[in-house]
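For reference, the structure is listed below as structure tokens.
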Amino acid sequence: MGGEKAIDKSTLDSSCFNGAYKDFVELIGYKNTLCVYNYFAGQYVTFPKRLLAEEFLHEQIIKEFDGTNAKELARKYDYSYSWIMKILKRNSYKGTIR
């Protein structure tokens, strides 16, 4: 252990890195990968499929709903039509959905 500190990291390419770190080096570069490593090393981290918070997406759907565009919103936000309808019904659009 400890040999990693003696390596001249400027000579490393992504193939030298372990697992996901290889992908990170290719995607965000060595310095950013080192930040990720220092922050999360030793932890089990998963990334949600959706980047944006569900609450934020629901608010956007509610704001954009015009009474007729539920199918378009389903396509735009990659939700099913029935899920869009549930979101809208939970937020008092029961009488205005066409």
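With our numbering applied, the sequence shown covers 30 to 127. For glycine and all other residues, C-beta sits at the position ideal for the given N, C-alpha and C.
field: Proximity of Ser43 and Val54 at Cβ, strictly below 7 Å
entry: yes
- prompt: DSSP on Tyr66, reduced to helix/strand/coil?
  reply: helix
- prompt: Along the chain, which unbroken stretches of the alpha helix (DSSP H) at least 4 residues long are found entirely within the segment 35-118?
  reply: 49-57, 59-69, 83-93, 99-106
Pair within 7 Å by beta-carbon distance, Leu80 and Ile90: no
- prompt: Going along the chain, which residues of its own chain have a beta-carbon closer than 8 Å to the beta-carbon of Phe46, five neighbours each way excluded?
  reply: Phe53, Val54, Thr62
query: For the candidate residues Glu83, Asp37, Gly71, whose alpha-carbon lies nearest to that of Asp107?
result: Glu83
- prompt: Quick one: Cα of Met30 to Cα of Ile36, how far?
  reply: Its pLDDT being 48, under 50, Met30 is placed unreliably in this model, and the value from its coordinates should be taken loosely. Near 12 Å, if we compare the C-alpha coordinates of Ile36 and Met30.
- request: Take Leu86 and list the residues in its own chain whose beta-carbon comes closer than 7 Å to its own, dropping the five residues that flank it on each side.
  value: Tyr106
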